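Residue numbers (my numbering): 47 to 434.
Single-structure report; data block below.
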Amino acid sequence: MKRQETTETALFVSQTAEKGGAELFMLDLITHGPAGWNGGFFADGTIVQDLAAAGCKPVVLSGGSSVLTVRREASALKLVSVAGGVVTLARALARAAKDYDVVCANSQKALFVSALATRLARRPLVWVLHDIITDPAFSRNTRRAAVLFANLFAARVVANSRASAEAFVAAGGKADRVRIVYCGFDPAAHPQGDAETGAALRRRFGLKDGPVVGLFGRLTPWKGQHVLLKALRGVPDVQALIVGSAMFGQDAYEVELRQMVRTEGLEGRVCFAGFQKDVAALMAGVDIVVHTSTHAEPFGRVVVEGMLAGRPVIATSGGGVNEIVTEGEDGLLVSPDDPAALAAAISRLLADPDLAARLAAAGRISAARRFHIDKTCGDMRAVLAEVR
Ligand code: UDP
Ligand code: GLC
Numbered sequence: 047m048k049r050q051e052t053t054e055t056a057l058f059v060s061q062t063a064e065k066g067g068a069e070l071f072m073l074d075l076i077t078h079g080p081a082g083w084n085g086g087f088f089a090d091g092t093i094v095q096d097l098a099a100a101g102c103k104p105v106v107l108s109g110g111s112s113v114l115t116v117r118r119e120a121s122a123l124k125l126v127s128v129a130g131g132v133v134t135l136a137r138a139l140a141r142a143a144k145d146y147d148v149v150c151a152n153s154q155k156a157l158f159v160s161a162l163a164t165r166l167a168r169r170p171l172v173w174v175l176h177d178i179i180t181d182p183a184f185s186r187n188t189r190r191a192a193v194l195f196a197n198l199f200a201a202r203v204v205a206n207s208r209a210s211a212e213a214f215v216a217a218g219g220k221a222d223r224v225r226i227v228y229c230g231f232d233p234a235a236h237p238q239g240d241a242e243t244g245a246a247l248r249r250r251f252g253l254k255d256g257p258v259v260g261l262f263g264r265l266t267p268w269k270g271q272h273v274l275l276k277a278l279r280g281v282p283d284v285q286a287l288i289v290g291s292a293m294f295g296q297d298a299y300e301v302e303l304r305q306m307v308r309t310e311g312l313e314g315r316v317c318f319a320g321f322q323k324d325v326a327a328l329m330a331g332v333d334i335v336v337h338t339s340t341h342a343e344p345f346g347r348v349v350v351e352g353m354l355a356g357r358p359v360i361a362t363s364g365g366g367v368n369e370i371v372t373e374g375e376d377g378l379l380v381s382p383d384d385p386a387a388l389a390a391a392i393s394r395l396l397a398d399p400d401l402a403a404r405l406a407a408a409g410r411i412s413a414a415r416r417f418h419i420d421k422t423c424g425d426m427r428a429v430l431a432e433v434r
């Protein structure tokens, strides 16, 4: 990892240090960006350990528990009830923020706390927006509060895709403050596999010979793991490796998925691998990487990771994914929640290895060029230079 020596400092703030896509974005950015970039968290977690292992000194603020219990669909009453916790946390963050030129809130909860903290510490605030804020999963109150806080307190809003940027503006966000910075990846950390990689993967997860489709991401209904299970009906020889765990208290869906494997008669064809740290290596061992989100994906790290692994990718159209994949050139796109279309796309790639190889090769080149971590760090530095 390369950390550039500059005098620029920035504190990226997240309420959680668990490994979701937004937090992995932050980890990559801090470990590849200027040495003065650091992470601040409202609770301890694996990202804190990874940052420390990379030589950073992440800040863990105590007293964040009440803020962490607020969900995106929260009522106004709940939002008011956590106000006290927010103030305590904001004071602690303000003390930490004094050591940095800029504070970047990496989530909506972080935005609320950082808004107050940056006023106290007299530092500029940037909001890094990882969501399509018009998605119905956000309550009207949460959406309104986030847009209001951004308009009042954030000097810039960094969106993870054009789709997230447009939704912010559609929800009343100030367009002139928005910049787009895509997630970035180090292609060297995404090796391509060979026949032995696939054989080793089959042995490790008890899969048989024959095609394996990989689906990577947390287990939650909108990530659409059920869509793949339904699609398997249409491709009888195909096995599925489902990598990821339920996060943020959404365990019921995993129970449903396991039940579905039984009711759909898919026993022996589906492996639930749980959360895995070495996603890049696993992707290199599957035949096809699929992405099945039923709602517009704000960005879709797993789509880029599949391309970098040199695997043909079938992604679900909508949101940031349409900015990543060009249908028929560097991947295939299917409509959301359409198991028949997914099954047809899987069959097409398996029946036409030349097409699969062409898409995979083009995907790796295009992902490495457009979503390189150095470009992401450069784009973020340019935004921070505007507010410093
Ligand atoms: N991921 C992981 N282990 C798993 C499942 C997922 O490390 O078992 C990673 C995956 O490689 C990706 C991130 O989690 O980098 C998920 O990001 P994405 O943008 O696809 O979705 P999000 O969960 O942020 O909505
Ligand atoms: C969020 C989004 C995901 C995006 C990630 C990183 O978790 O759900 O689509 O890739 O942030 O920006």
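Heads up, the beta-carbon is just placed ideally off N, CA and C, and yes, glycines get one too.
What you are looking at is a predicted structure, and each value in this text was computed from that prediction instead of being measured.
Under the three-state DSSP convention, the category residue i falls into
i: Val-224; result: strand
i: Leu-70; result: helix
i: Gly-366; result: coil
i: His-337; result: coil
i: Pro-382; result: coil
i: Leu-107; result: coil
i: His-418; result: strand
i: Pro-233; result: helix
i: Ile-392; result: helix
i: Gly-260; result: strand
i: Ile-441; result: With the chain represented from 47 up to 434, any question about residue 441 goes unanswered, as that position is not in the structure.
i: Arg-410; result: helix
i: Leu-75; result: helix
i: Ser-185; result: coil
i: Val-350; result: helix
i: Gly-130; result: helix
i: Cys-102; result: coil
i: Thr-92; result: helix
i: Ala-397; result: helix
9 Å Cβ cutoff met for residue i and residue j
i: Ile-447; j: Phe-231; result: Any question about residue 447 goes unanswered here, given that the chain covers just 47 to 434.
i: Gly-260; j: Ala-235; result: no
i: Ile-93; j: Trp-83; result: no
i: Gly-356; j: Ala-327; result: no
i: Phe-251; j: Phe-195; result: no
i: Arg-279; j: Pro-385; result: yes
i: Met-293; j: Val-174; result: no
i: Val-281; j: Leu-396; result: yes
i: Gly-364; j: Pro-382; result: yes
i: Gly-86; j: Arg-347; result: no
i: Pro-258; j: Val-289; result: Sequence check: residue 258 is Val here, not Pro. No; because the gap between Cβ atoms is not below 9 Å, this pair is not in contact.
i: Ala-163; j: Ala-192; result: no
i: Ser-185; j: Lys-269; result: no
i: Phe-199; j: Ala-138; result: no
i: Val-350; j: Ile-334; result: no
i: Leu-265; j: Tyr-299; result: yes
According to DSSP, residues forming a beta bridge with residue i
i: Gln-154; result: Paired residues: none, contrary to the question.
i: Ser-60; result: Phe-87
i: Glu-373; result: Gly-377
i: Ile-360; result: Val-336 and Leu-378
i: Trp-268; result: Answer by DSSP bridge pairing: none, since Trp-268 is not bridged.
i: Leu-171; result: Val-149 and Ala-200
i: Pro-344; result: Paired residue(s): none; Pro-344 is not in a bridge.
Could you give the uninterrupted runs of the alpha helix (DSSP H) lying entirely in the segment 190 to 218, keeping only those of 4 residues or more?
You should have 208 to 216.
Counting only runs of 3+ residues fully inside the segment 276 to 339, write out the beta strand (DSSP E) ranges in chain order.
With a minimum length of 3 residues, the continuous beta strand (DSSP E) runs that stay inside the segment 276 to 339 are 285 to 289, 316 to 320 and 334 to 336.
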